[in-house]
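Enquirer: Quick one: the structure is below, and I'll ask about it shortly.
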Amino acid sequence: MLTKISKVLTLLQHPSLTKLTCSMSIQGYLKDIGWVDSFIRKMPVDGRGRPLPWVTYPFIDFIEARLNSTMRIFEFGSGNSTLWYAGRVKTVVSVEHDRFWYDKISHTMPDNVSLNYQAINDDSKYAKFATNLKTEFDIVIVDGRERVNCIKNALQALGSNGVIVLDDSERDAYREGLDFLKDQGFRRIDFWGIAPAVFFKKCTTVFYRDDNVLGL
Numbered sequence: 063m064l065t066k067i068s069k070v071l072t073l074l075q076h077p078s079l080t081k082l083t084c085s086m087s088i089q090g091y092l093k094d095i096g097w098v099d100s101f102i103r104k105m106p107v108d109g110r111g112r113p114l115p116w117v118t119y120p121f122i123d124f125i126e127a128r129l130n131s132t133m134r135i136f137e138f139g140s141g142n143s144t145l146w147y148a149g150r151v152k153t154v155v156s157v158e159h160d161r162f163w164y165d166k167i168s169h170t171m172p173d174n175v176s177l178n179y180q181a182i183n184d185d186s187k188y189a190k191f192a193t194n195l196k197t198e199f200d201i202v203i204v205d206g207r208e209r210v211n212c213i214k215n216a217l218q219a220l221g222s223n224g225v226i227v228l229d230d231s232e233r234d235a236y237r238e239g240l241d242f243l244k245d246q247g248f249r250r251i252d253f254w255g256i257a258p259a260v261f262f263k264k265c266t267t268v269f270y271r272d273d274n275v276l277g278l
């Protein structure tokens, strides 16, 4: 509590900084990219209130220009990201572990989305969901539960030129998954920055090999 009070007092001691901080809610970069509205609404949206993935802004800028209408995406975890990708690629298949969230968003999905519910259990059906579909995807996005296990199983669902995206890749808990992909011959690009409604530094990483769909 004292720390928060001291921060407020420090801010008030610098009127120009206080004015700048207050103005961010009505103009400037954070308003333009939708960060302010995302914070208020507690969901990731852009400056016009449209859905955004809950990943770093540098990654969003990078991937948007490289998506096309022939791509197939698989997501571990679903939500506004599913809607955003669906508007840019051929199909999105997503698996969600939270029944309440699944029921809430399932009616909002467009025709090119297949949203699936799978509870987390001991037989790893969630982590193996993409593999069990017996199809290949251009991009597999790991942003749900059991991320290390999902990474290891994702390779079997990935096309020969496919890429894997891991959000929150800075977390030590996912180190095993990062090392696994390195051993499988993947290189990586880290996209550090803030994310919608989040004002701390985090990382979204793309793992790729030669002749990949993103042209890396």
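Numbering-wise, the sequence shown is residues 63 to 278 according to my numbering. Glycine included, each C-beta is placed from N, C-alpha and C at the ideal position. Owing to the predicted nature of the structure, the values given are computational and were not obtained by experimental measurement.
#1: Tell me the rounded alpha-carbon separation between Phe138 and Val204.
#2: Considering only DSSP beta bridges, list what Asn178 is partnered with.
#3: Which class does Leu145 belong to by DSSP, given the choice of helix, strand or coil?
#4: Taking only the alpha-carbon atoms, compute the straight-line gap between Arg252 and Lys264 and give it to the nearest angstrom.
#5: Check Lys263 in the structure and name its three-state DSSP category.
#6: I'd like to know if the segment 225-245 and the segment 189-196 are in contact, where contact means that at least 3 CB-CB pairs between them fall below 8 Å.
#7: Measure the alpha-carbon distance for Cys212 versus Leu220 and round it to whole angstroms.
#8: Please report the distance separating the alpha-carbon of Arg128 from that of Leu276.
#9: Assign Ser222 to one of three DSSP states: helix, strand, or coil.
#10: Going by DSSP, which residues form a beta bridge with Asp163?
#11: Please state whether the Cβ-Cβ distance between Pro115 and Ser143 is less than 7 Å.
Expert: Working from what's here:
#1: 5 Å
#2: Val157
#3: helix
#4: According to the sequence provided, residue 252 is Asp. The question's Arg does not apply to it. If you take the alpha carbons of Asp252 and Lys264, they lie about 10 Å apart.
#5: strand
#6: no
#7: 12 Å
#8: 6 Å
#9: strand
#10: Position check: residue 163 holds Trp in this sequence, whereas Asp was assumed. The partner list for Trp163 (beta bridge, DSSP) is empty, contrary to what the question assumes.
#11: yes
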